[in-house]
Amino acid sequence: MMSIIVSNYMLVNLEYIARVLSVNQEVMSFILVPLGNSFPDLISYYIAFNSNSPDLVVGQLSGSLTILFTVVFGLIALVYPFTVTQPKSLTIDMTAVGVVIVVFALVLSDGKITRGECWGLTSIYVVYVASVYIFDKNKIEEFQDEMEDLAEGTEELPHYGSVPLKPDLDTETFTSMEMFVASLDLCLSVLIPLVEPSQVHSLFSIKERFVNSPLHKHWLTAMTVIILDYEYFEVWNPQIIVPIIVAAMLVVEVCGRWLPEKLNNIVVAMAGVTIPLMIMSNISIEILQVLKNLGLIWRISEFLLGLLVFSISNSLNDLITNLSLAYHKPIYGVNACLGTPMLNISLGVGLNGLLVLYQRGQSWFEFHLHNRVVFVSSLLVMIMPCLYLYLRGNNWRFDRRLGLILLVVYFITIAIEGVALTTL
4 MMSIIVSNYM LVNLEYIARV LSVNQEVMSF ILVPLGNSFP DLISYYIAFN
54 SNSPDLVVGQ LSGSLTILFT VVFGLIALVY PFTVTQPKSL TIDMTAVGVV
104 IVVFALVLSD GKITRGECWG LTSIYVVYVA SVYIFDKNKI EEFQDEMEDL
154 AEGTEELPHY GSVPLKPDLD TETFTSMEMF VASLDLCLSV LIPLVEPSQV
204 HSLFSIKERF VNSPLHKHWL TAMTVIILDY EYFEVWNPQI IVPIIVAAML
254 VVEVCGRWLP EKLNNIVVAM AGVTIPLMIM SNISIEILQV LKNLGLIWRI
304 SEFLLGLLVF SISNSLNDLI TNLSLAYHKP IYGVNACLGT PMLNISLGVG
354 LNGLLVLYQR GQSWFEFHLH NRVVFVSSLL VMIMPCLYLY LRGNNWRFDR
404 RLGLILLVVY FITIAIEGVA LTTL
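Numbering (our numbering), first residue to last: 4 to 427.
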């Protein structure tokens with residue numbers, strides 16, 4: 004659900020703001036597309052930090068990275084074996100990811116995550132994006148080519164997350180998954196403002212009629228007031244809320260007639276970014292509470308809960324998305340796998356950690372540094388060099404043997420952690 008919120012609403016509105024403000028489109032695409040895949044995880048990490056659960060963040064992030072480098076890499080090599088045509092570019096990416104993982108392991112080595120370490124992790128992503136833009140514009144151009152290749156032949160077709168939908172066909176031709184995703188999207192369309200709604204396509208004609216009707220903006224105005232009240236004020240008094248909704252509708256109507264269209268659209272787009280953040284944060288809070296309750300019932304640590312449970316559910320989107328990319332061209336899936344750790348570590352731990360530490364006036368987070376953390380951290384540090392040596396010795400070919408090796412590594416890791424779980 005959070006993937007649909009990000010891809011169908013939040014990113015669309017962000018892209019419009021960037022376009023109106025004349026931000027370099029190539030750079031924004033290079034940043035926004037990977038960010039779209041990782042955003043639900045980033046929200047989850049923030050909520051966990053804010054709930055004083057750094058162990059859950061460490062476990063979830065460690066588990067997600069393990070799945071990414073073993074299961075996703077392994078399935079790409081197993082299902083779509085291929086030879087890398089540009090080993091130099093892949094080597095640079097693998098080196099950058101390897102450095103970030105080593106830095107992350109060093110951050111974890113003392114059982115604390117400090118403000119200085121969070122600043123350092125955040126700076127890594129800023130430096131990475133800046134260096135790519137200044138010194139390696141070819142990488143951005145290659146990324147643009149990838150996006151164009153993926154879009155070729157699918158122009159005008161709406162996509163919901165990783166599920167492509169084809170308009171103008173009978174509903175019998177759609178899979179149950181496509182219908183389910185489209186139904187979720189229909190429900191979200193009554194909550195989240197979307198700039199330029201005339202471009203919306205859907206399996207359900209009722210959505211297209213709704214978002215293009217004159218009543219659409221007034222309905223979303225009312226929903227925005229209600230959501231803001233739920234998130235911040237909790238008034239819940241109809242005698243107060245209803246007049247506020249009516250006043251907001253009048254303001255929207257007057258602004259729509261007297262203010263420039265571009266300015267109105269920017270306001271809508273900003274609301275279309277803010278409301279998804281609120282929805283995703285509330286979903287993450289509920290999921291986190293459920294997981295904490297499960298941890299109490301099962302008597303397992305938050306680290307193991309994040310490593311064995313939370314990370315698997317959060318990695319499903321990466322698995323589907325990256326395998327879908329690999330279907331078009333396997334190297335696209337590999338590149339997507341290498342882009343995720345940079346975001347999740349630098350922003351998920353670094354930026355989120357900074358925000359929560361400054362909000363609380365604290366200097367560091369403490370988590371439990373035990374053998375399981377050391378084991379998983381060591382595994383992550385070793386994976387990238389071992390993968391590089393294998394590829395170099397195998398003429399840069401992702402083959403089925405590599406796929407099987409990586410999958411075996413993952414199941415051995417899970418078995419070892421499972422043994423640790425049973426001995427608690």
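Where a beta carbon is used, it is the ideal one built from N, C-alpha and C, also for glycine.
Grouping DSSP H, G and I as helix and E and B as strand, with all else coil, what is residue i?
i	result
K115	strand
F183	helix
E264	helix
I417	helix
F370	coil
T88	coil
R400	strand
Y163	Below a pLDDT of 50, predicted positions are generally treated as unreliable, and Y163, at 34, falls in that range; the measurement from the model is reported next regardless. Three-state result, Y163: strand.
Y49	helix
Y83	coil
E237	coil
S349	helix
E199	coil
S25	coil
L341	helix
S287	helix
S192	coil
G101	helix
How many whole angstroms separate the CB atoms of residue i and residue j, which I take to be in contact at a CB cut-off of 8 angstroms?
i	j	result
S54	N317	The pair is not a contact, with the Cβ atoms about 16 angstroms apart (cut-off 8 angstroms).
V379	F52	That belief does not hold up - the Cβ atoms of V379 and F52 are roughly 19 angstroms apart, past 8 angstroms.
N16	V276	5 angstroms
F85	L409	That pair is no contact at about 15 angstroms.
I7	A272	About 18 angstroms; that fails the 8 angstroms criterion.
I348	L124	6 angstroms
Y49	N355	4 angstroms
I278	L194	7 angstroms
T94	Y413	Between Y413 and T94 the Cβ distance is about 24 angstroms, and since that is not below 8 angstroms, they are no contact.
I269	V105	Wrong, their Cβ atoms sit about 41 angstroms apart, outside the cutoff.
W399	P90	5 angstroms
E234	M281	5 angstroms
L266	C121	With 8 angstroms as the limit, L266 and C121 do not qualify as a contact, their Cβ atoms being about 36 angstroms apart.
Quick check: residue i and residue j, are their CB atoms within less than 9 angstroms of each other?
i	j	result
G351	I127	no
L383	F107	yes
L407	Y393	no
G66	G259	no
V61	V376	yes
N320	C340	no
F306	H373	yes
G101	P333	no
P344	V129	no
L197	Y12	yes
L59	L346	no
V74	P43	no
F370	L109	no
F213	H221	no
K115	W301	no
I79	F401	yes
I229	I243	no
I303	F72	no
E420	L322	no
Y361	Y83	no
V255	T224	yes
L38	L68	no
L231	K210	no
T227	A250	no
Would you give the residue range spanned by the alpha helix (DSSP H) that residue i belongs to?
i	result
M226	H219 to L231
Y361	N355 to R363
S56	Where S56 is concerned, there is no enclosing alpha helix (DSSP H), given that its DSSP letter is neither H nor E.
N302	The amino acid occupying residue 302 in the given sequence is Arg; Asn does not appear at that position. That residue, R302, is in no alpha helix (DSSP H); it is neither H nor E in DSSP.
S316	S314 to H331
L311	No alpha helix (DSSP H) holds L311; DSSP gives it neither H nor E.
S208	S208 to V214
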